[in-house]
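A.B. asks:
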Amino acid sequence: MSSHNLREITFREAVREALCEEMERQKGMVIIGEDLLPGGGSFGVHLGMGERFGARMFESPISESAIVGVALGAALTGGPAVAEIMYSDFMCVCMDEIVNQAAKIRYMTGGQARVPLVVRSPIGMTRGVAAQHSQSLESWFAHIPGLRVAMPSTPADAKGMLKSALRGQDPVVFFEPKLLYGTKGMVSDDPDLLVPLGQARLAREGSDLSIIATGLMVSRALEAAEKLQGQGVSAEVIDPRTVSPIDWDTIFASVDKTGRAMVVNEATLTCSVASEIAASIGELRFNSLDGPVRRLGSAFVPKPSTPGLEKLSYPSVEQIVALGTEMMPRRRAA
Amino acid sequence: MSRITWTPEQLRGFWRDMHRIRAFERAAIYQSSLGKIYGALHSYEGQESCAIGVSAALQRGDYVASTHRGHGHCIAVGARMDRMMAELFGRIDGYCKGKGGSLHIADVGAGMLGANGIVGAGYAIAAGAALSAKVSGNGRVSVVFFGDGAVTRGTFHEVMNMASLWKLPLVLVCENNGLAQYVPTAETMVFENVSSLAQGYKMPGVAVDGNDIRAVHEAALAAVDRARQAQGPTLLELHTQRYHGHSSGDPQVYRSKAEVEALRLATDPIVRLENELVAAGLLADREALLAQIDAEVAQAVAFAEASAYPADEELSTDVYA
Chain A
66 MSSHNLREIT
76 FREAVREALC
86 EEMERQKGMV
96 IIGEDLLPGG
106 GSFGVHLGMG
116 ERFGARMFES
126 PISESAIVGV
136 ALGAALTGGP
146 AVAEIMYSDF
156 MCVCMDEIVN
166 QAAKIRYMTG
176 GQARVPLVVR
186 SPIGMTRGVA
196 AQHSQSLESW
206 FAHIPGLRVA
216 MPSTPADAKG
226 MLKSALRGQD
236 PVVFFEPKLL
246 YGTKGMVSDD
256 PDLLVPLGQA
266 RLAREGSDLS
276 IIATGLMVSR
286 ALEAAEKLQG
296 QGVSAEVIDP
306 RTVSPIDWDT
316 IFASVDKTGR
326 AMVVNEATLT
336 CSVASEIAAS
346 IGELRFNSLD
356 GPVRRLGSAF
366 VPKPSTPGLE
376 KLSYPSVEQI
386 VALGTEMMPR
396 RRAA
Chain B
-4 MSRITWTPEQ
6 LRGFWRDMHR
16 IRAFERAAIY
26 QSSLGKIYGA
36 LHSYEGQESC
46 AIGVSAALQR
56 GDYVASTHRG
66 HGHCIAVGAR
76 MDRMMAELFG
86 RIDGYCKGKG
96 GSLHIADVGA
106 GMLGANGIVG
116 AGYAIAAGAA
126 LSAKVSGNGR
136 VSVVFFGDGA
146 VTRGTFHEVM
156 NMASLWKLPL
166 VLVCENNGLA
176 QYVPTAETMV
186 FENVSSLAQG
196 YKMPGVAVDG
206 NDIRAVHEAA
216 LAAVDRARQA
226 QGPTLLELHT
236 QRYHGHSSGD
246 PQVYRSKAEV
256 EALRLATDPI
266 VRLENELVAA
276 GLLADREALL
286 AQIDAEVAQA
296 VAFAEASAYP
306 ADEELSTDVY
316 A
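Those protein sequence lines, which keep their order, are chains A and B. Just so we're aligned, residue 66 is where the first sequence starts under this note's numbering, counting upward by one. Just so we're aligned, residue -4 is where the second sequence starts under this note's numbering, counting upward by one.
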């Protein structure tokens, strides 16, 4: 019998547990970010950690390029190193460090460099904070070879995937959907339980339609799947969890089974992860499909602040249900 | 007055090490002209005293982050010329298996964290190495080399502040060659000199004649000592010059050949030390030493030519661990 327990904790607590356990385990690990002490960093993830790990937690000036670059230098020579970027929109001001430096240094040095760097950042919608605090830019990073791009949707995955990232040797961009921080789920207290990066999760089994959803959209897809069930449509929900490199096998196996695929992400669709998934299904699983692959994403506009327009801009449960219904063959009249 | 007691062996070592860089750089440009080197080169010729004077103050295990003009720093920290030349030739025995080339040449195991294709990217990487040294308490020091043209990057100011705030064991070495790519620095910078910026960031700022290797070394020793004693970073400004264009493709429309020749005559750090050593009777074996260096470079070229290009399978290795 295992001596470890499952407890119900929040997504935020799960991220904090992963950080604390790995800080305990890896004495070279450092965390750099803004407002870490005593504010607990972005969305309070680090609350209480300062007392335990203060000497290895660096309260940074507002200098995102230096935060990521310094974390990279620490990762190359020690590590692991975590850089927290307060909102993922702010990653626009440290793109060189992520894209030109961290992602490529292993390749550029012919494999000499190890890069145990994790850039953590809250992503996506919150409430009324508008166009510079609400974006989902994960596809920018998924486009870059050398980066691993993670976007967990449950507390258990947040903890297990972050621990995998912190024990790995590759730079990981780790996106945490903001609206999930307060959500709860069952999480093991086993400090060695890892969830591997690059492995999708079957979130709900179904037989008529595959909904591949990322991040916050997983919960909306699951809610929609329940409603579709009421209409007699059995929807399967796949959460890729890591959007690059992505687990194609699990996605393709689901599509082979159901013959229909809908891809839902929070980002705008143009050049999105949803587009990449849809293209690959169409290209490589055409013969499994009973109809076109369909996508849902945010409206192609900057995020508005006012609540009505903000809500309108994101994919909704109702849209997923409506599209799922539309994708099923029309029933013949009796 | 210098506080250092210079030994003949040390000064002869400086002379030889500067010559090794120059010989490598000349051979690289020659091989490039023969079509043996595929990518662009950024010659370090003229700035040799900076790399050698600073690296002589470092110990094994210390870190260096370099620039697009990185060959000199690489040689100065002890990288092998043959593997460097093989890298420029794009061969599998190069330091980076030919995947990095001149712009990313690195010997990570030796603490040389890489040349860099992005101007101003080295500051934070070097500061991060300094941070991990500080956290582990291993007493290591980190050095970042950069040009005057990189001082106008925001990253310079972010890292100057951060390194001073956290008292990182970092030495920031500005090799001020007076040109930001093709443009005189006076036309791109409002500050009179780079070292003066240290004051605002509450760290020592020291400017020296970069062509005087004794002055370079002495300033570097003080800065490295300060870092090793956990007293924080230092900004060094070494006034130097380059004798070639920004890169091997630069036609140097901004200066004449005569100007460059006059610059060489007036400034050459190697000639300066050589004249002193010859006058003191310390270079009787000059020709033999130069022949040794030539042989080392010739062997490096032969090694590079004999090495294979990477196999096709190498295209997709080293992307992930």
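Ideal placement from N, C-alpha and C gives every residue a C-beta, glycine not left out.
Would A/L84 pass as an interface residue toward chain B - the criterion being a Cβ-Cβ separation below 7 angstroms?
C.D. replies: Along the first sequence, read from residue 1 onward, the residue named residue 84 of chain A stands at position 19. By this cut-off, A/L84 is not an interface position.
A.B. asks: According to the neighbour-count rule (16 or more other Cβ atoms, all chains shown, within 10 Å of its Cβ), is A/T390 buried or exposed?
C.D. replies: Along the first sequence, read from residue 1 onward, the residue named residue 390 of chain A stands at position 325. It counts as exposed.
A.B. asks: According to DSSP, is A/P305 part of a helix, a strand, or is it coil?
C.D. replies: Position 240 of the first sequence, counted from the first residue, corresponds to residue 305 of chain A. DSSP places A/P305 in coil when its eight states are reduced to three.
A.B. asks: Straight-line CA distance for B/I(-1) to B/A286?
C.D. replies: Your numbering for residue -1 of chain B matches position 4 in the second sequence. Your numbering for residue 286 of chain B matches position 291 in the second sequence. For B/I(-1) and B/A286, the distance between alpha carbons rounds to 30 angstroms.
A.B. asks: Excluding the five sequence neighbours on either side, which residues of its own chain have a C-beta within less than 7 angstroms of the C-beta of A/P372, listed in chain order?
C.D. replies: For this step, residue 372 of chain A is matched to residue 307 along the first sequence. Closer than 7 angstroms at the Cβ level, and outside the excluded window around A/P372, lie G193.
A.B. asks: At the level of alpha carbons, what is the spacing between B/S321 and A/R359?
C.D. replies: Given a span of -4 to 316 for chain B in the structure shown, any question on residue 321 of chain B remains unanswerable.
A.B. asks: Is there a C-beta anywhere in chain B that falls below 7 angstroms from the one on A/Q264?
C.D. replies: As a first step, residue 264 of chain A must be located in the first sequence, where it is residue number 199. Chain B, which has no Cβ nearer than 7 angstroms to the Cβ of A/Q264, makes this no.
A.B. asks: Using a C-beta to C-beta distance shorter than 9 angstroms, which residues of chain B count as neighbours of A/R121?
C.D. replies: As a working mapping, residue 121 of chain A is identified with position 56 in the first sequence. By Cβ distance, chain B contributes V130.
A.B. asks: State yes or no: is the beta carbon of B/E317 nearer than 7 angstroms to at least one beta carbon in chain A?
C.D. replies: Coverage of chain B is limited to positions -4 through 316, which leaves residue 317 of chain B absent and any answer about it impossible.
A.B. asks: Kindly say whether A/P305, judged by its beta-carbon, lies nearer than 7 angstroms to any beta-carbon of chain B.
C.D. replies: Your numbering for residue 305 of chain A matches position 240 in the first sequence. Taking Cβ atoms only, chain B never reaches closer than 7 angstroms to A/P305, which makes this a no.
A.B. asks: Report yes if the C-beta distance between A/A286 and A/G250 is below 7 angstroms; otherwise report no.
C.D. replies: Within the first sequence, numbered from 1, the residue matching residue 286 of chain A stands at position 221. Within the first sequence, numbered from 1, the residue matching residue 250 of chain A stands at position 185. No, the Cβ-Cβ distance between A/A286 and A/G250 is not below 7 angstroms.
A.B. asks: Output yes if chain B places a C-beta closer than 7 angstroms to the C-beta of A/S130; else output no.
C.D. replies: Within the first sequence, numbered from 1, the residue matching residue 130 of chain A stands at position 65. It does; some Cβ of chain B falls within 7 angstroms.
A.B. asks: Between B/G89 and B/I70, what straight-line distance do the alpha-carbon atoms span, to the nearest angstrom?
C.D. replies: Looking up residue 89 of chain B in the second sequence gives position 94. Looking up residue 70 of chain B in the second sequence gives position 75. If I take the Cα positions, the gap works out to 14 angstroms.
A.B. asks: Once the 5 residues before and after A/S370 are set aside, which same chain residues still bring their CB inside 6 angstroms of it?
C.D. replies: As a position in the first sequence, residue 370 of chain A is number 305, starting the count at 1. Same-chain partners within the cutoff: G193 and A195.
A.B. asks: If you follow the alpha helix (DSSP H) that A/K224 is part of, which residue opens it and which one closes it?
C.D. replies: On the first sequence, residue 224 of chain A is found 159 positions in, with the first residue counted as 1. Residues P220 to R232.
A.B. asks: I want to verify the contact list: residues of chain A whose CB lies under 9 angstroms from the CB of B/T229, in sequence order.
C.D. replies: The residue you call residue 229 of chain B lines up with position 234 of the second sequence. What B/T229 touches in chain A: nothing, since even the nearest Cβ is about 18 angstroms away.
A.B. asks: With three or more beta-carbon pairs closer than 8 angstroms as the criterion, would you say the region 90 to 98 of chain A touches the region 126 to 133 of chain B?
C.D. replies: These segments touch.
A.B. asks: Mind checking who A/K249 pairs with in its DSSP beta bridge?
C.D. replies: Within the first sequence, numbered from 1, the residue matching residue 249 of chain A stands at position 184. For A/K249, which the question treats as bridged, DSSP gives the partners A/T75.
A.B. asks: Taking the continuous alpha helix (DSSP H) assigned at B/V201, which residues delimit it?
C.D. replies: Looking up residue 201 of chain B in the second sequence gives position 206. Element bounds for B/V201: not the alpha helix (DSSP H) but the beta strand (DSSP E), G200 to D204.
A.B. asks: So with Cβ pairs under 7 angstroms, would you call A/G104 a contact of chain B?
C.D. replies: Your numbering for residue 104 of chain A matches position 39 in the first sequence. Cβ-Cβ to chain B under 7 angstroms: no for A/G104.
A.B. asks: Spell out a yes or no on whether the region 195 to 208 of chain B and the region 139 to 159 of chain B are touching, meaning 3 or more CB-CB pairs, one atom from each, closer than 8 angstroms.
C.D. replies: Judged by Cβ distances under 8 angstroms, the region 195 to 208 of chain B makes contact with the region 139 to 159 of chain B, as three or more pairs qualify.
A.B. asks: Report yes if the CB atom of B/T180 is closer than 7 angstroms to the CB atom of B/G173, and no otherwise.
C.D. replies: Numbered from 1 along the second sequence, position 185 holds the residue referred to as residue 180 of chain B. Numbered from 1 along the second sequence, position 178 holds the residue referred to as residue 173 of chain B. Yes, these two residues count as a Cβ contact at 7 angstroms.
A.B. asks: Look up B/C169 in the DSSP assignment and give the residues it is bridged to.
C.D. replies: Along the second sequence, one-based indexing puts residue 169 of chain B at 174. Looking at the DSSP assignment, B/C169 forms a beta bridge with B/F141 and B/E232.
A.B. asks: Comparing C-alpha positions only, which one of B/I47, B/W161 and B/A306 sits nearest to B/G227?
C.D. replies: What you label residue 227 of chain B is simply residue 232 of the second sequence in a count that begins at 1. With distances taken between Cα atoms, B/G227 lies closest to B/W161.
A.B. asks: What would DSSP say about B/M13, mapped onto helix, strand or coil?
C.D. replies: As a working mapping, residue 13 of chain B is identified with position 18 in the second sequence. Helix, per DSSP.
A.B. asks: Using the DSSP secondary-structure output, state which residues sit across from A/V329 in a beta bridge.
C.D. replies: Position 264 of the first sequence, counted from the start, is the residue given in the question as residue 329 of chain A. Beta-bridge pairing links A/V329 to A/A278 and A/L361.
A.B. asks: So, with DSSP's three-state summary, where would you put A/V180?
C.D. replies: Numbered from its first residue, the first sequence carries residue 180 of chain A at position 115. Correct three-state label for A/V180: coil.
A.B. asks: What is the rounded straight-line gap between the Cα of B/Q224 and the Cα of B/R21?
C.D. replies: Residue mapping note: residue 224 of chain B aligns to position 229 of the second sequence, counting from 1. Residue mapping note: residue 21 of chain B aligns to position 26 of the second sequence, counting from 1. Straight-line Cα distance between these residues: approximately 39 angstroms.
A.B. asks: Would DSSP call A/F108 helix, strand or coil?
C.D. replies: Looking up residue 108 of chain A in the first sequence gives position 43. If DSSP states are grouped into helix, strand and coil, A/F108 belongs with the helices.
A.B. asks: Pick from B/A275, B/T262, B/L216 and B/T229: whose alpha carbon is nearest that of B/T235?
C.D. replies: Working through the second sequence from its first residue, we reach residue 235 of chain B at position 240. For the residues B/A275, B/T262, B/L216 and B/T229, the minimum Cα distance to B/T235 belongs to B/T262.
A.B. asks: Counting only Cβ pairs nearer than 8 angstroms, list the residues of chain A close to B/A122.
C.D. replies: What you label residue 122 of chain B is simply residue 127 of the second sequence in a count that begins at 1. Neighbours of B/A122 on chain A, chain order: A131, G134, V135 and G138.
A.B. asks: If you run the structure through DSSP and keep just helix, strand and coil, what is A/P210?
C.D. replies: Position 145 of the first sequence, counted from the first residue, corresponds to residue 210 of chain A. The answer is coil: DSSP assigns A/P210 none of H, G, I, E or B.
A.B. asks: At the level of alpha carbons, what is the spacing between B/E271 and A/V183?
C.D. replies: Residue 271 of chain B sits at position 276 when you count from the first residue of the second sequence. Residue 183 of chain A sits at position 118 when you count from the first residue of the first sequence. Spanning the two alpha carbons is a distance of roughly 52 angstroms.
A.B. asks: Measuring alpha carbon to alpha carbon, tell me which of B/F298, B/V103 and B/V211 ends up nearest B/G320.
C.D. replies: It is not possible to answer for residue 320 of chain B, since the shown part of chain B is limited to -4 through 316.
A.B. asks: Are the CB atoms of B/Y39 and B/L108 within a distance shorter than 7 angstroms?
C.D. replies: In the second sequence, the residue the question calls residue 108 of chain B occupies position 113. In the second sequence, the residue the question calls residue 39 of chain B occupies position 44. No.
A.B. asks: Quick one: what does DSSP say A/I132 is sitting in, helix, strand or coil?
C.D. replies: As a first step, residue 132 of chain A is located in the first sequence; it is residue number 67 there, counting from the start. Looking at A/I132 - three-state DSSP - the assignment turns out to be helix.
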